[in-house]
Amino acid sequence: MQLFNFAEAILSLERCSEKLFRIHDMYDALDNVYLDLKALFSDDSGDFVYTEAKVILAGLGDATKGTFVEFEKAVQHESSRMVAKFIGYVMNYMKLLVEYGDSLNFLLTSKRNNTESSG
Numbered sequence: 001m002q003l004f005n006f007a008e009a010i011l012s013l014e015r016c017s018e019k020l021f022r023i024h025d026m027y028d029a030l031d032n033v034y035l036d037l038k039a040l041f042s043d044d045s046g047d048f049v050y051t052e053a054k055v056i057l058a059g060l061g062d063a064t065k066g067t068f069v070e071f072e073k074a075v076q077h078e079s080s081r082m083v084a085k086f087i088g089y090v091m092n093y094m095k096l097l098v099e100y101g102d103s104l105n106f107l108l109t110s111k112r113n114n115t116e117s118s119g
């Protein structure tokens with residue numbers, strides 16, 4: 001269960017835009033093995049593992065979305081005199097967003113739709 005403890009520790013950290021892609025990598029990794037966990041731990045004691053994985057997956061998804069929002073806020077409120085450096089940072093970030101585009105798009109869209117349909 002140390003893997004889950006590690007994920008919980010990551011989730012307890014302050015959100016900052018630099019962590020978005022690492023958190024999302026963890027989300028993708030757990031999402032890719034999520035159904036396999038249910039097959040591997042099919043007995044009653046496995047319910048704990050599967051349930052814990054589900055909770056961690058939801059937390060990583062929320063952390064991904066929250067971290068993306070932090071990046072948005074940072075861009076909106078940037079008033080630094082170091083505009084060229086900041087633009088370079090944003091452009092590099094945008095390149096990574098394109099690389100992660102499909103999975104991030106799915107995650108952000110599904111979370112938004114879940115929120116809209118429940119409210």
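With UniProt numbering as the guide, the letters of the sequence shown map in order to residues 1 to 119. All C-beta atoms in this analysis are idealised placements derived from N, C-alpha and C, irrespective of residue type, glycine included.
Residue i (DSSP reduced to helix, strand or coil)
i, result
"R22", "helix"
"E52", "helix"
"S79", "coil"
"L108", "helix"
"residue 154", "The chain is shown only over 1 to 119; residue 154 falls outside these bounds and no answer can be derived."
"L86", "The identity of residue 86 in the sequence shown is Phe, whereas the question assumes Leu. Of the three classes helix, strand and coil, the one that applies to F86 here is helix, per DSSP."
"T115", "Residue placement at T115 cannot be trusted, given a pLDDT of 41 that sits under 50; the coordinates are not used to answer."
"S17", "helix"
"D44", "helix"
Whole-angstrom C-beta distance between residue j and residue i, which should lie under 8 Å
i, j, result
"L30", "A53", "6 Å"
"A7", "M26", "6 Å"
Beta-carbon proximity check, residue i vs residue j, cutoff 8 Å
i, j, result
"L104", "L60", "no"
"V49", "F41", "yes"
"S17", "T64", "no"
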